[in-house]
Amino acid sequence: DTEVTQTPKHLVMGMTNKKSLKCEQHMGHRAMYWYKQKAKKPPELMFVYSYEKLSINESVPSRFSPECPNSSLLNLHLHALQPEDSALYLCASSQVAVQETQYFGPGTRLLVL
Amino acid sequence: KNEVEQSPQNLTAQEGEFITINCSYSVGISALHWLQQHPGGGIVSLFMLSSGKKKHGRLIATINIQEKHSSLHITASHPRDSAVYICAVEKGSQGNLIFGKGTKLSVKP
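Protein chains in written order, with our numbering: chain F, 55 to 167; chain V, 318 to 426.
Pasting the structure below:
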């Protein structure tokens with residue numbers, strides 16, 4: 055199983071809503087990543103988890119809150135988002151965090167109204 | 318100046334042509350990744366290189382560490398190769414990737 059799954063595929067939320075994005079992998083990978091991708095732009099790294107510990111937070115606003123409850127699961131909790139946060143949110147995983155192929159999920163397309 | 322530069326930005330080819338996409342970077346890296354993104358968003362990792370050359374089917378990736386340059390070649394291109402190809406460098410020791418802006422490839426039948 056070389057699949058990274060993400061739910062939901064699409065999400066529309068208001069600026070006062072609280073929602074969560076979910077990412078799951080069963081490849082035994084110990085590094086997991088959240089990326090944000092705006093239209094016609096490359097992905098931008100948001101967070102890296104290594105062995106369930108947050109190792110990188112790329113100065114992401116606190117309205118995005120990551121969580122790694124176990125080695126297979128990665129969540130991104132969303133609260134009080136702004137319309138400019140509308141983007142494709144991609145999750146990826148790799149065996150470990152260094153010099154390893156990253157496997158990407160299909161993404162969650164988020165629209166903030 | 319971006320730390321990762323790709324060229325060309327856009328590329329149109331006829332089916333069967335040999336294609337080269339270039340990537341230059343200005344920082345020390347531990348690895349370089351070539352990724353493919355189709356319309357709709359899915360990203361597939363094509364290669365991860367730290368030296369030399371790798372080949373997979375019709376795809377070949379090379380890297381010259383001294384010159385801080387990598388190339389992705391596609392032999393006998395096909396319309397299904399149409400996608401955005403992204404070069405990303407791994408700069409630190411924690412898996413953080415810095416992405417180039419991508420090359421949009423369109424292969425015409």
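The beta carbon of each residue, even a glycine, is placed where N, CA and C say it ideally should be.
Fair warning: this is a prediction, and the values are worked out from it, not measured in the lab.
Count the other CB atoms within 10 Å of the CB of F/Glu154; is the residue buried (16 or more) or exposed (fewer)?
buried
Quick one: measure Cβ to Cβ for F/Val168 and V/Asn413, integer angstroms, because I've assumed they're closer than 8 Å.
This structure gives no information on residue 168 of chain F, because the portion of chain F shown stretches from 55 to 167.
Which bits of chain C does F/Leu167 rub up against, with CB to CB less than 8 Å?
Among the chains of the structure shown, chain C does not appear; the protein chains present are F and V.
How is the beta strand (DSSP E) around F/Thr162 delimited, first residue to last?
162–166
By how many angstroms is the C-alpha of F/His83 removed from the C-alpha of V/Asn339?
30 Å
Any idea if F/Met100 is buried or exposed, counting beta-carbon neighbours within 10 angstroms, 16 or more meaning buried?
buried
Show which residues of chain F have a CB atom less than 7 Å away from the CB atom of V/Lys418.
Those are Pro96, listed as they occur along chain F.
I'd like to know if V/Ile380 contacts chain F, where contact means its C-beta is closer than 8 Å to some C-beta of that chain.
no
V/Asn407 by DSSP, collapsed to three states: which one?
Sequence check: residue 407 of chain V is Glu here, not Asn. Strand at V/Glu407.
Measure the CB-CB distance between F/Ser148 and F/Glu78 and report whether it falls below 8 Å.
no
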